[in-house]
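In my numbering, the protein residues as written are 518 to 1700. Note that CB positions come from ideal geometry on N, CA and C, so glycine has one too.
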């Protein structure tokens, strides 16, 4: 019997146009993604092949999630179809078995989904084989990878979703509750994603990840490009458990469906008593109505006043809003959204196990990321329900004939969705306030909540209008859903096609971020114009769709048509004004146009990269900052000297295109080139500049805000919180290498070869230029003096000693001068700050901060003091007379170390909640790191070549770790190192070219920060802190303020080797000159009590050591170094011993004085082990 249901339903599904209409977008998406680097599903793949096995599996997993709506339509819909068409009573009266009915319909719907997904997979195969794809981007074709992904991911995912939604459909008999199940499923997956980001929640993430994509990421997060190209993940451990768990749950839910499903006809069964009682109540009500009707009542005459339509709209709005807001699906969706928000807040913002204070601006951002995204799905669902409710109830003919203006139901439906938006946002705000009250430490900012909620609602209200219009135009709810999903996907698809202007992408409002220092600033004006533009267009389109759907073309005549036309015309006018601002007053470039610009610059000027140039030796600048108008004026004076062996005839000057640069004093000569497209000017000197000779150059740079931009990117000058550096606006000389494209795929598409990498260690001529050559700055150390002015209510900062300050004409002036020559690395800040002052050994320490961010100011001062003490004791004296730390707006999310001055983003350090004493003090650590740059990167500056980051950044990381360990002890340092290990392994997996050993690093963050911290800390633990610091100090003494030849990583290693014992020289090689990994684990641990009261601990370990090349290919190495084993009683270490063991399996006998509980290999986590979780094991007690 089940075969009859199966064959009938399968034929029915395959004949439905909606099946293929729903599948077509997914097939097109799979096809385009398989052969593209821009429109990728599942994220960036770096240097991996487009058809790498892991890439294929990841795409199939993500596509199976996107196929959720297919299951909804064709599994749940099949079970509810009999009730919808009125066939349930007839069908259930036949002698059939419930199991046959459910199994046949379930397998038919599930088979239809599998068939469609097989076609989606085929589209992936075809997309990767299309002509025009670079053969180098493809690996060998692997049918097994597609089959593995289909069977391990597509089948279990579709099976579980099918079983879940069929259970919901069978027990609720409501498509609405099925949709709620879909949303719950998505919410569960989102929460699992947050939990999966924490190592201690990995097991819970397995349970809460029904799709398995997060588990796949965890299993392969350290895969290099070579691993991705060659291997599928092993079907074991968490991945196998996840797939089996959710498949078993799917079968269990189908069994539960069979048990709970009641195929009862009307008037039968235990539920009939309730129905009969309801019928009796209805009869009683009808009797009362009849009695009332028998009485003579005064005749009522309907009146249609001008306000009648508005009253009707208000009545309909109340009914629609009440029906939605009181419905169980809405309440369940709201609870799911709140759960997602809570998970996002508690887990998503963690760094080193600490979170920021729950400031109002952060809570608004968390709401947007963790809760409001659910609102999109809610609007999509209820827009269809509101538009098609009357048609589903078969009363659309009646309601359509009522004397109600066409706009009234339309306004009511939009108002109901607006009420949904308001309710969602208000619930989120109340939840956020509750968190703030519970956590404490912050002030409630109710006006900001009101403003932020109003601004964030704009997108959702626009979306509500668009979704209503699509449902009205589609005349079929499911087609309307497909069109709505297509609208939501249109933004990313248009961007993939190169159409990025916000005028062309629906509701593409510029990013609007709130800063506690600067508020929404002047960026709100541009955002408001875009919001008005899309509001007018959406309102006009909704008006037209609503009128046409109810009354046809007649509804668009007269005043209604005029109002619609006026909306669209006003939208077009607003768009013209926006275009004038974004494309005429300002220069608009799409991302592809920006890549073209960068490629064009390289093609035009790369050949002149080594053009002989004069060196900057002195800068004097008068800088005027105008915060109220976001304007800036720089009047500069350069002193240039020819340090080349021959005379210079031409000056190559590079100006910044964001401002207007005018030169007032140039040496006698003539203009050879004035390239306004790239800001390049060649000035031929009338008298060539002889070696050693100097010339002077005067200039003015003016930067002003003109209207608003399309992207809303922050400017350097703000109402409160100006921050810019020398490289931003000051004229420079030569070739700006930082403009070059670094993505090989983008380069090849524009006719360029592979990206130019840093000069190698063998290219000794590169030691003639320092790091700043990257930015077109050919300078050693310069004399620096500046005067900076700002508005009367602000302070202005620049590097150097404050010589004088004064007020004039309503402005404040500050004169700074460096006490010694410095690198051309300086910046300017201006804001309304509070100031906290202290000192260390006569060195003033000042922190300039926003009055609402005083939380960690004293920690910053303590960090500066601790760093100054450690660095001066171990490395040498602090070279300047003051230390200043200044808070800047969150638009710059980092800290920088100018001489004497460190700009610190308000989102970095100032707002960390460190009330938990167990939390790592990230504020102290970052402060110490930035201060370390006054030694590393200032006193010792590396050459522009491989390994330079080892001097500039890696030594700063090591110095900060040591300062922090002296303050807090080793445990906090180990928490940072655990973070560094994870970031290093993730970073090398995402490497776009190939990994280099530390000595040859090319400024990759995962190397010069993360791996270097691990390397230096292990070396320190091996040879001792005193020896390592002695080597570093000798290195600094030899290279302090040295110019050509600039130092580098090999010179640093020479000093380190000189202090390293012979037995540890191989370790230095492994840490800095090779890429070495360990795979150590404890297999078994047993303890037995001895006659003398002590305990024997027998430990079975397995050791492995490998070396990788730059692509990630590994080969085995001899295990030629000692390994540490430690025995614990609870958290207390009983014994730690070193053992020389070979690679492979070994047994070790240890003896301890007390009953042991746990044993660990590499207990201090000094080795780069990709699976440190198997390095500890509980001990089995024999007696």
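Between the segment 1480–1488 and the segment 1381–1393, the count of Cβ pairs shorter than 8 Å is three or higher; the stretches touch.
Exclusion of the five residues before and after residue 620 leaves 519 as the residues of its chain whose Cβ lies within less than 7 Å of its Cβ.
With 16 or more other CB atoms across the displayed protein chains lying within 10 angstroms of its CB, residue 898 is buried. As a beta-bridge residue in DSSP terms, residue 1622 pairs with 1595, 1634.
Under DSSP, the beta-bridge partners assigned to residue 1198 are 1170, 1191.
Taking a 10 Å sphere around the C-beta of residue 525, we find fewer than 16 other C-beta atoms and assign the residue as exposed. Under the three-state reduction of DSSP, residue 1163 is assigned to coil, being neither helix nor strand. In this chain, the beta strand (DSSP E) harbouring residue 1332 covers 1328–1334. For residue 1512, there is no enclosing beta strand (DSSP E), as DSSP gives it neither H nor E. With a threshold of 16 other beta carbon atoms within 10 Å, residue 1469 meets it and is buried. In this structure, the alpha-carbon of residue 1335 lies about 52 Å from that of residue 1051. The beta-bridge partner set that DSSP reports for residue 519 is empty.
Annotation for residue 1377: no beta strand (DSSP E) segment contains it, though the alpha helix (DSSP H) segment containing it runs 1374–1391. Where residue 1661 is concerned, the enclosing beta strand (DSSP E) starts and stops at 1661–1669. Counting C-beta pairs with one atom in each stretch, the segment 1532–1549 and the segment 1574–1594 have three or more that are closer than 8 Å, which means they touch. A contact between stretches requires three or more CB pairs, one per stretch, nearer than 8 Å, and the segment 1228–1247 meets this requirement with the segment 1133–1151. Residue 1031 places its beta carbon less than 8 Å from that of residue 969.
Beta-bridge partners assigned by DSSP to residue 1655: 1641. Spanning the alpha carbons of residue 615 and residue 767 requires a straight line of approximately 19 Å. Here residue 1313 carries a strand assignment [DSSP, helix/strand/coil]. The beta-bridge partner set that DSSP reports for residue 957 is empty.
Taking a C-beta distance under 8 Å as the contact criterion, residue 633 and residue 587 qualify as a contact pair.
With respect to the 8 Å criterion, residue 742 and residue 861 are not classified as neighbours on the basis of their beta carbons. Per DSSP, the continuous beta strand (DSSP E) segment holding residue 1135 begins and ends at 1132–1143. Residue 673: member of the alpha helix (DSSP H) spanning 672–689, first to last residue.
Closest option to residue 627, judged by alpha-carbon separation, among 1099, 523, 1368, 549: 523. A distance below 8 Å between beta-carbons, with the five flanking residues on each side excluded, links residue 1222 to the following residues of its chain, in chain order: 1039, 1146, 1147, 1148, 1232, 1234. In chain order, 1020, 1050 place their CB closer than 7 Å to the CB of residue 1092, counting only its own chain and leaving out the 5 sequence neighbours on each side.
By the beta-carbon neighbour count (other beta carbons within 10 angstroms, threshold 16), residue 1661 is exposed. By the CB criterion at 8 Å, residue 965 and residue 877 fall inside the cutoff.
In this chain, the alpha helix (DSSP H) harbouring residue 837 covers 825–842. When the Cα atoms are used, residue 1250 and residue 1113 turn out to be separated by approximately 23 Å.
Using a Cβ-Cβ distance cut-off of 8 Å, the segment 986–1004 and the segment 1202–1222 are not in contact, since fewer than three pairs of beta carbons, one from each stretch, lie closer than that value. When the Cα atoms are used, residue 702 and residue 1228 turn out to be separated by approximately 34 Å.
Of the residues 929, 571, 981, 1256, the one whose Cα lies closest to the Cα of residue 828 is 929.
One alpha carbon belongs to residue 676, the other to residue 571, and they sit about 22 Å apart.
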